[in-house]
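Enquirer: Going by this note's numbering, the sequence shown opens with residue 36, and the numbers climb by one from there. Here it is: the structure, laid out below.
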Amino acid sequence: MMNFHILTLFPEMVMQGLNTSIIGRAVEREYISIEAVNIRDYTLDKHGKVDDYTYGGGAGMLMQAQPVYDACMAVQDKIAARNTDGKKVRVIYVTPQGKTFRQEMAKEFAEEEDLIILCGHYEGIDERVLEEVVTDYVSIGDYVLTGGELPAMVMVDAIARLVPGVLHNSDSAVTESFYDGLLEYPQYSRPELWRDKKVPEILLSGDHAKVDAWRLEQSIERTKKLRPDLYEAYIAKNPCI
Ligand code: ADE
């Protein structure tokens with residue numbers, strides 16, 4: 036069982052986005068757990084304030100160190116009370132300044148038992164608390180979003196599907212390693228003929244070896260055409276192909 040802890044000012048947004056379909060079912064079946072911790076619950080400000088103006092001026096508000104720190108410590112303490120191994124829990128801050136999230140990184144994070152994901156909002160978070168608690172800075176791509184909630188959801192989805200049991204199809208992990216680094220081959224369902232378009236004959240042949248060979252070939256062709264960067268990496272790793 037893998038446990039995700041998401042520190043955010045918008046817990047409903049995160050929980051609503053992750054309670055459906057495969058991830059929702061994985062939570063129900065206890066392959067994973069997801070908790071959204073409201074940073075506002077930890078502010079010591081009597082009006083519930085969590086942000087303030089930036090020193091040095093400039094537009095926008097910044098999330099203050101105290102509520103973020105206390106929320107993070109509360110989660111760390113809860114994990115420590117359950118886990119006696121004393122292993123350091125990774126705290127990911129989602130930010131455009133981080134290392135770009137990739138499948139390899141998802142695989143690495145999927146090995147963890149607990150993962151804390153910190154979502155910023157407004158103009159960001161006071162640097163001092165980041166220095167104090169964050170172990171990994173991660174970006175989901177070169178564009179700027181209004182907050183870390185969507186990136187956190189993207190990461191939870193990509194990581195959770197790698198946790199054993201979450202995906203039904205037991206050979207999806209096997210095919211994935213075989214096709215590792217390649218784009219998906221084209222797929223077809225009924226009917227056999229649709230708008231004068233036929234399903235490729237080989238897929239109806241029942242010859243599984245031939246089907247597999249065709250799919251790999253399609254994957255390679257597609258990758259070569261659409262993502263030459265991935266194709267080069269694949270060829271370097273699989274010179275026999
Ligand atoms: N917060 C705002 N934009 C982001 C991005 N692209 N990746 C991660 N966190 C972000």
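All residues carry an ideal CB built from backbone N, CA and C; glycine is no exception.
Which residues have a Cβ closer than 6 Å to any heavy atom of the ligand ADE, listed in chain order?
Expert: V129, T130, P131, S174, I175, G176, Y178, V179, L180, G183, P186
Enquirer: Should L79 go down as buried or exposed, given a rule of 16 or more other Cβ atoms within 10 Å for buried?
Expert: exposed
Enquirer: In the structure shown, what three-state DSSP assignment does L203 receive?
Expert: The sequence shown places His at residue 203, not Leu. H203 falls in the coil class under three-state DSSP.
Enquirer: Helix, strand or coil, according to DSSP, for Q101 in the structure here?
Expert: helix
Enquirer: Can you name the start and end residues of the alpha helix (DSSP H) that I255 belongs to?
Expert: 243-261
Enquirer: I'd like to confirm the pairing. Which residues does DSSP put opposite I151 in its beta bridges?
Expert: H40, V126
Enquirer: DSSP on Y223, reduced to helix/strand/coil?
Expert: coil
Enquirer: Once DSSP output is grouped into helix, strand and coil, what is the label at V179?
Expert: Residue state, collapsed to three classes: coil.
Enquirer: From the DSSP output, in three-state form, read off G235 for me.
Expert: Note on identity: in this sequence residue 235 is Pro, with Gly being the wrong assignment. It is coil, neither helix nor strand.
Enquirer: Quick check on DSSP: helix, strand or coil for A195?
Expert: A195: helix per DSSP, three-state reduction.
Enquirer: Given 8 Å as the limit, is there contact between the region 133-142 and the region 77-95, that is, 3 or more CB pairs closer than that?
Expert: No contact exists between the region 133-142 and the region 77-95.
Enquirer: Of the choices E148, G200, P199, R262, whose alpha-carbon is the least far from that of V126?
Expert: E148
Enquirer: Residues in the same chain with beta-carbon distance under 8 Å from L53, minus the five sequence neighbours each way, listed in chain order, please.
Expert: G59, V62, I69, M188, V191, D192
Enquirer: Do L44 and V85 have their C-beta atoms within less than 8 Å of each other?
Expert: yes
Enquirer: For A141, does the three-state DSSP call read helix, strand or coil?
Expert: helix
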